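Undergrad: To start, I am sharing the structure in question, which I have written as C-alpha cells.
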Amino acid sequence: MEQRSKLEDILKAGSLEEILGTAVPYPKEIELRGELTEDAVRELSRIKNEPEWMLRHRLKALELFQKLPMPRWVVGIDELDLESFSLYSKPEVSDEVRDWDDLPENIRRTFERLNIPEIEKKFLSGLTAVFDSESVYSQLKEEFEKKGIIMMPMEEAVQRYPDLVKRYFGKVFPPGDHKFSALHHALWSGGAFVYIPKGVRVPFPIEAFFVIGSALEGQFEHTLLIADEGSYVHFIEGCSAPMYKGFSFHDGMVEIYAHKNATVKFTTIQNWSRNVINFNNKRAIVEDNAYVEWVEGSIGSHVTYTYPSSVLKGEGARTAQYVVSLSNGPYLKDTGAKTWHLARNTSSKIVSKSISANGGINIYRGMVRVVKGAVNSTAAVSCDSLILDEESKAYTYPHNQSDEPGASIIHEATTGKLGEDKLFYMNQRGISEEEAKSLIVIGFISEVLEGLPFEYVQVLKKVIELEFSEVGGVG
Numbered sequence: 210m211e212q213r214s215k216l217e218d219i220l221k222a223g224s225l226e227e228i229l230g231t232a233v234p235y236p237k238e239i240e241l242r243g244e245l246t247e248d249a250v251r252e253l254s255r256i257k258n259e260p261e262w263m264l265r266h267r268l269k270a271l272e273l274f275q276k277l278p279m280p281r282w283v284v285g286i287d288e289l290d291l292e293s294f295s296l297y298s299k300p301e302v303s304d305e306v307r308d309w310d311d312l313p314e315n316i317r318r319t320f321e322r323l324n325i326p327e328i329e330k331k332f333l334s335g336l337t338a339v340f341d342s343e344s345v346y347s348q349l350k351e352e353f354e355k356k357g358i359i360m361m362p363m364e365e366a367v368q369r370y371p372d373l374v375k376r377y378f379g380k381v382f383p384p385g386d387h388k389f390s391a392l393h394h395a396l397w398s399g400g401a402f403v404y405i406p407k408g409v410r411v412p413f414p415i416e417a418f419f420v421i422g423s424a425l426e427g428q429f430e431h432t433l434l435i436a437d438e439g440s441y442v443h444f445i446e447g448c449s450a451p452m453y454k455g456f457s458f459h460d461g462m463v464e465i466y467a468h469k470n471a472t473v474k475f476t477t478i479q480n481w482s483r484n485v486i487n488f489n490n491k492r493a494i495v496e497d498n499a500y501v502e503w504v505e506g507s508i509g510s511h512v513t514y515t516y517p518s519s520v521l522k523g524e525g526a527r528t529a530q531y532v533v534s535l536s537n538g539p540y541l542k543d544t545g546a547k548t549w550h551l552a553r554n555t556s557s558k559i560v561s562k563s564i565s566a567n568g569g570i571n572i573y574r575g576m577v578r579v580v581k582g583a584v585n586s587t588a589a590v591s592c593d594s595l596i597l598d599e600e601s602k603a604y605t606y607p608h609n610q611s612d613e614p615g616a617s618i619i620h621e622a623t624t625g626k627l628g629e630d631k632l633f634y635m636n637q638r639g640i641s642e643e644e645a646k647s648l649i650v651i652g653f654i655s656e657v658l659e660g661l662p663f664e665y666v667q668v669l670k671k672v673i674e675l676e677f678s679e680v681g682g683v684g
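In this text, residue positions in the sequence shown follow my numbering: the first is 210, and each later residue adds one.
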C-alpha cells in the first residue's frame, strides 16, 4: 500500500484541476520568439552546439515548411498563430540534474503532482522528463545500463552517438511528409533517444513525460527508439499541461525502428489541457518478423491530430494499433492509424474507439495500403464510435487499398448512441448520470485497457471519470 500513496492521491482528486492546477511562474534561461526565419533556426542550432549535419537538416526542413501547403485535413486551428508562440524555451535548470531535488521547486512540484518520481522509482526501467523545450531529467537504472541499453536526451545522443543518430533520424518520418512534420524537424528540441541492443529484453517500461509549463509555448520534442534484433521494450509517454490563459502548441514526433524479430510496444496517455493545439507525428518501420504495437489514449487538448503508423517492411512483420479518442466539449479530435504492407505475410490490426460528448467532434482518418507482391498479407480494421448526446458528432474517413490479389482487408465500423433506457436503468440502481456515462465509456474501451499496466489503467479510468464528473473537463 505504501508504494501507491501518491497514486491514490490522484485517484481521490475531485477534478483534474486539483491534480496539476494553474500554471505557476518558473525561471527561464533562454527563450526564442518571433518570426520563423533561417536566422532563428541557426540560433537554435547554435544554442545547442549542434554539428553541421544537424544544422543542414534543420535548414532543409525549414525550406520545406515554407514551400509545403497547409494539409487539406487540417481544420479547427484558427487560434494557431505560429509567430505568437515561442520557438524555443529553456527553463533555468542545472546541467547536473541527478535527482528530482536538483530541479527548481516549481518544476519539480509539477512532476510530483503527476506522481512521476514515484512511478519511476517503483515501476520503470528509466525515465526522461521534458519541460517546455528541454529534457530536464533523464535516468536509466544501472542494471539496464550494464546490458548496453542507451536512454538519454535526444540532444545528448546527437553529440555522443552521431553515426547512430544520423542513420535513423528523419528516415522513419521525414520532414517532407507534410507541413507540420517539416516544422517539427526545423525546430525539434527535447525528447528521448533509446537504443535496445540485440537480444536484450527490458522487463519494465521506459517512460518519457512531457509538460508545457506556460501559455504561448511551442513544444517540438523528438523521440527516436531503435530496437535491435530480437529485443523487447515497452515505451510509455505521457503528456500534460496546467491551465493557463491563451494557447500553446505541441508538434512532437516519434520514430521507431524495429529490427528483425524485435518487439516494441508504444503507449501514449495524452492529457493536455484545453489550451493546447496538438499534432503528433508517429511512425515505425518494422523489419522481418518484428512486431510494433501502438496504444494511443487521446483525452485532453483543444484540437488533436494523431495517426500512429507502421510500415511493414520485412516479411512476416506485424503491427497492432489501438486508438482511444475522447472529445468532451466543443473540441476536435482527428485521429486514426495508418499501415503500409510492403512485404509478404505481413499482418495488421487497427482498433479505433471514439467517444463524443457535450458537442465534441471525433474524426477517424485511417489508411491501409497493401502493395503488389505483399502476398498472404492480412489487415483487420475496426472503427467504433459512441455518441453521448444530440450535439456531438463522429465521422469516419477510411482509405483501404490493396494492389495484391492474394491479400485480405477486413473493415468493420459501428456508430452507437447512448440510450436513455441504459441511463434510466443505472439511475434506478443509484448510479448518477455522470457515473453512468463514465462506466459506459470505460466498458466501451475495455479492449484497449487490457493491454496497459495496472497503474496506468487506474489513472486513465480516473481521467475519464473526471471528464464526466460535475466539475468536469480538462483545464
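We treat Cβ as the ideally placed atom computed from N, Cα and C, and that holds for glycine. It should be emphasised that the depicted structure is a prediction, and the values quoted were computed from it without experimental measurement.
Which class does Glu354 belong to by DSSP, given the choice of helix, strand or coil?
TA: helix
Undergrad: Take His468 and list the residues in its own chain whose beta-carbon comes closer than 7 Å to its own, dropping the five residues that flank it on each side.
TA: Ala436, Asp437, Glu438, Glu496 and Ala499
Undergrad: Check whether the Cβ atoms of Thr528 and Val504 sit closer than 8 Å, and answer yes or no.
TA: no
Undergrad: So, for Lys257: in the same chain, excluding its five sequence neighbours on each side, which residues have a beta-carbon less than 6 Å away from its beta-carbon?
TA: Glu364
Undergrad: Among Leu296, Ala366, Leu434 and Met462, which has the Cα closest to the Cα of Thr472?
TA: Leu434
Undergrad: Under a Cβ-count criterion, where at least 16 other Cβ atoms within 10 Å of its own Cβ denotes burial, should Gly600 be classed as buried or exposed?
TA: The amino acid at residue 600 is misidentified as Gly; the sequence shows Glu. With fewer than 16 other Cβ atoms within 10 Å, it is exposed.
Undergrad: Apply the 10 Å Cβ neighbour rule to Thr337 and answer buried if 16 or more other Cβ atoms are within range, or exposed otherwise.
TA: buried
Undergrad: Could you give the DSSP three-state label for Tyr540: helix, strand or coil?
TA: coil
Undergrad: Spatial neighbours of Glu211 within its chain, please: C-beta separation below 7 Å, excluding the five flanking residues on both sides.
TA: Residue confidence is low: Glu211 scores 38 on pLDDT, short of 50, so the model does not pin down where it sits. No coordinate-derived value is stated.
Undergrad: Let's test the definition: count the other Cβ atoms within 10 Å of the Cβ of Arg255 and tell me whether it reaches 16, buried, or not, exposed.
TA: exposed
Undergrad: Which complete beta strand (DSSP E) runs does the region 471-520 hold, if anything under 3 residues is left out?
TA: 472-480, 485-495, 500-507 and 512-515
Undergrad: Taking all protein chains shown into account, do 16 or more other C-beta atoms lie within 10 angstroms of the C-beta of Gly427, making it buried, or fewer, making it exposed?
TA: buried
Undergrad: Can the beta-carbon of His431 be found closer than 8 Å to that of Gly400?
TA: Yes. Within cutoff.
Undergrad: Check whether the region 317-325 touches the region 572-584, taking contact to mean three or more Cβ pairs, one atom from each stretch, closer than 8 Å.
TA: no
Undergrad: Please classify Tyr750: does DSSP put it in a helix, a strand, or coil?
TA: This structure does not reach residue 750, given that the chain is present from 210 up to 684, and the question cannot be answered.
Undergrad: Compare the Cα-Cα distances from Asn571 to each of Gly538, Arg553, Ser556 and Asn554 and report the closest residue.
TA: Gly538
Undergrad: Throw me the rounded Cβ distance for the Glu464 and Tyr377 pair, which I believe falls under 8 Å.
TA: 7 Å
Undergrad: On the DSSP bridge assignment, give the partners of Met279 in chain order.
TA: Beta bridge pairing from DSSP links Met279 with no other residue.
Undergrad: Assign Thr319 to one of three DSSP states: helix, strand, or coil.
TA: helix
Undergrad: Given a cut-off of 8 Å on the beta-carbon distance, is the pair Ala603 and Thr623 in contact?
TA: Cβ distance not < 8 Å, so Ala603 and Thr623 don't count as in contact.
Undergrad: Let me check one thing: in DSSP terms, what residues is Glu446 bridge-paired to?
TA: Ala417 and Thr477
Undergrad: For the pair the region 296-305 and the region 338-345, tell me if three or more CB-CB distances fall below 8 Å.
TA: The region 296-305 is in contact with the region 338-345.
Undergrad: Less than 8 Å between C-beta atoms, sequence neighbours within five positions excluded: which residues of the same chain meet that for Ile486?
TA: Ile286, Glu288, Leu289, Phe456, Ser457, Phe458, His459, Ser510, His511 and Val512
Undergrad: On a CA-only basis, which of Asp248, Leu253 and Thr246 is nearest Ile239? Give me that one, please.
TA: Per the Cα distances, Leu253.
Undergrad: Between the C-alpha atoms of Gly615 and Lys626, what's the straight-line distance to the nearest angstrom?
TA: 37 Å
Undergrad: Quick check for students: name the residue ranges of the beta strand (DSSP E) that lie wholly in the region 573-632, counting only runs of 3 or more.
TA: 587-596, 602-611 and 617-626
Undergrad: Per DSSP, what kind of secondary structure is Trp262 in: helix, strand or coil?
TA: helix
Undergrad: Across which residues does DSSP place Val686 in a beta bridge pair?
TA: Since the first residue shown for the chain is 210 and the last is 684, residue 686 is missing from the structure and cannot be characterised.
Undergrad: What do you reckon, are the CB atoms on Ile358 and Pro412 nearer than 8 Å?
TA: no
Undergrad: Report the three-state DSSP secondary structure of Asn567 (helix, strand or coil).
TA: coil
Undergrad: Using a threshold of 8 Å, state whether the C-beta atoms of Lys388 and Leu277 are closer than that.
TA: yes
Undergrad: Per DSSP, what kind of secondary structure is Pro236 in: helix, strand or coil?
TA: It is coil, neither helix nor strand.
Undergrad: What separation, rounded to the nearest whole angstrom, lies between the Cα atoms of Ser390 and Met279?
TA: 11 Å
Undergrad: Determine the DSSP secondary structure at Ala546, reduced to helix, strand or coil.
TA: coil
Undergrad: What first and last residue would you give for the beta strand (DSSP E) that runs through Ser298?
TA: Tyr297 to Pro300
Undergrad: List the endpoints of the continuous alpha helix (DSSP H) containing Gln368.
TA: Met363 to Arg369
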